[in-house]
Amino acid sequence: MEGDSLTLNPDLNQTQGFKVIQWCFGDISPVIAEIYANETSYPNDEIFRDRLQLNQTGSLSIKNTRTTDSGLYKLEVQHNSGASYMTFSVTVYGVFCAETDEVKSVSVMEGDAVTLNPDLTQIKGIVLLLWRFGDKGSTVAQIDGNEILYEDDEIFIDRLQLDQSGSLTIKNTRTKHTGLYEAEISHNTGTSYIRFSVTVYESPPEDSYRAEMKSVPVTEGDPVALRVPQLYGDELIVWRFGDEGKLIAKHDIEAKSSSFYDETDERFRNRLELDPQTGSLIITNTKSTDSGLYIVKISSNKQTSYQKYFVTISVPGLSPAAVAGIVVVLLVIAAAAAAAGVLFYRRRTSELKHQKSKISECHNETSEISEKLKRMSEISEELKQMTEDCEKELPEISEHHQTCKYYSWYSISLAIILNRPFEIYQHHCSLRDAPFHQFG
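Heads up: take any position in the sequence shown, counting from 1, add 40, and you land on the working numbering.
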């Protein structure tokens with residue numbers, strides 16, 4: 041009830057050992073309370089004006105509540121191992137519904153339709169039925185007799201459908217449709233009220249398994265645009281990434297607003313863009329970590345559809361044709377080098393054989409020279425020995441020489457006397473050729 045205090049208590053298991061706690065509020069999701077490095081702060085305090093209190097357990101208290109405090113409160117808790125999230129739907133009742141007690145809670149995924157059924161079977165003699173929304177209780181639709189009328193409300197443009205049973209259907213919901221809905225029924229016996237608290241959650245990546253998968257190859261560093269199919273002008277486009285379906289971007293064509301959720305996956309920080317006309321997702325300065333599954337949910341008043349893209353980021357390099365050309369050139373060079381190697385080998389082998397033959401001849405000549413040198417050494421030794429022997433026998437030879445000389449002259453003289461010249465010659469030769477030892 042307006043004026044009361046309210047405390048939002050998160051699961052203590054999720055807040056233990058936290059590094060950062062952040063509370064956000066509303067569609068735009070500004071941070072309203074934060075604990076960082078044990079310091080508590082309250083950014084954007086103009087919304088609550090000193091009415092917030094955040095304690096170390098992560099609990100957020102709102103004092104002196106107002107109907108404008110109704111909406112979604114999102115809690116993000118960052119740990120060393122990652123981050124966890126919780127969402128709270130708060131409805132602060134205004135004066136117009138103070139007489140009612142029962143409130144039916146209804147939740148719906150963003151982009152889907154929700155029907156509020158007041159079940160009027162027990163009410164007789166209905167004269168007028170009014171559907172009101174929000175803290176001010178603004179009328180959005182009514183049944184007056186048999187006539188169904190819709191108010192010109194920018195929040196629900198072409199989204200409401202009211203039938204004679206009193207059921208109100210909201211198509212293609214947005215988070216801004218979160219809040220209190222009241223059916224005011226005027227009948228013959230008085231006025232009755234039936235209230236519904238509606239919470240519109242951001243849609244998860246469910247029911248996308250039937251979507252068509254498209255492969256998108258991208259070179260690292262280049263931008264890539266993931267297209268959205270044909271639009272009708274009232275779509276809500278939700279982009280998610282990875283197997284876990286992390287929300288990364290959202291675009292409301294009708295409201296002409298875009299939101300990015302870099303905090304859920306910092307790999308995309310400041311690198312995501314949304315085409316304002318089509319809702320196509322553009323990733324600039326792509327990195328290898330951007331590879332993976334991208335799912336887009338397109339919700340309109342007419343239908344909800346999905347599209348899947350599998351993006352593969354490759355490292356910059358040469359094209360396959362260029363690589364093939366380089367391979368061919370390398371093969372030609374290798375073949376030429378091999379041929380040159382064969383010719384060089386053959387020529388070198390021939391030269392080596394010729395050199396081997398010369399070396400063999402030189403080896404033979406060296407062997408002969410070695411033998412001759414050996415023989416000369418032996419002869420030198422023999423000559424040396426003969427010289428020594430000669431030196432020893434020289435005195436005897438001299439003596440024999442004198443004797444021979446005497447006998448020679450004697451023989452010659454005798455031959456002359458006897459007139460025998462031939463004998464003289466023979467005798468001379470025999471003396472000349474006789475060994476030294478014969479004169480002993």
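The beta-carbon is built from N, C-alpha and C at its ideal position, and this holds for glycine as well.
According to DSSP, residues forming a beta bridge with residue i
i	result
K348	M253 and I335
Q182	L170 and L189
E79	Y76
Q62	E74 and E116
Q93	S101
H227	I166 and G230
S237	S145 and L220
V278	K290 and K337
V130	G111
Y125	E116
L208	L156 and L202
E313	I322
L48	L100
F300	A289
L266	L321
I87	I87 is not bridged to any residue.
I353	V258
Which listed residue (the options) has its alpha carbon closest to that of residue i
i	options	result
M149	T179, V240 and M126	V240
I353	T80, F88, E194 and N325	N325
T55	E260, S121, S69 and I335	S121
I195	T179, F300, I188 and V258	T179
K144	Y76, I87, F236 and D184	F236
G151	E428, E431, S320 and I293	I293
A495	G319, R280 and Y301	No answer is possible for residue 495: the residues shown for the chain start at 41 and end at 480.
Y233	P356, G177, P50 and G185	G177
I183	E411, R199 and I166	I166
Q317	G57, E411 and D274	D274
E242	Q118, M426, E86 and Y301	Y301
A153	T229, P50, S297 and Q201	Q201
P70	D85, L189, I419 and R415	D85
T231	E431, L170, V238 and I409	L170
I68	T97, M416 and S297	S297
Supposed close pair residue i, residue j - CB separation, criterion 8 Å
i	j	result
N212	S340	6 Å
G219	G174	5 Å
V264	I323	5 Å
T329	R307	5 Å
L48	S99	7 Å
G285	I335	7 Å
K164	M253	Not really, about 55 Å apart at Cβ, beyond 8 Å.
Beta-carbon gap between residue i and residue j smaller than 8 Å
i	j	result
K337	V278	yes
Y76	V60	yes
R172	E222	yes
Y272	K327	no
T105	S147	no
S110	V132	yes
V258	V355	no
F73	L52	Just to set this straight, residue 73 is Ala in the shown sequence, not Phe. Contact flag unset, no.
K103	R89	no
L168	S226	yes
G57	H119	yes
R214	L276	yes
Closer than 8 Å to chain C by CB, residue i
i	result
S420	Of the protein chains in this structure there is only one, and it is not chain C.
Counting Cβ pairs closer than 8 Å, one from the stretch 143–161 and one from the stretch 194–211, do we hit at least three? yes
When the Cβ atoms of the stretch 308–328 are set against those of the stretch 283–292, are three or more pairs found closer than 8 Å? yes
For the structure I just gave you, are there three or more beta carbon pairs, one from the stretch 63–73 and one from the stretch 109–126, closer than 8 Å? yes
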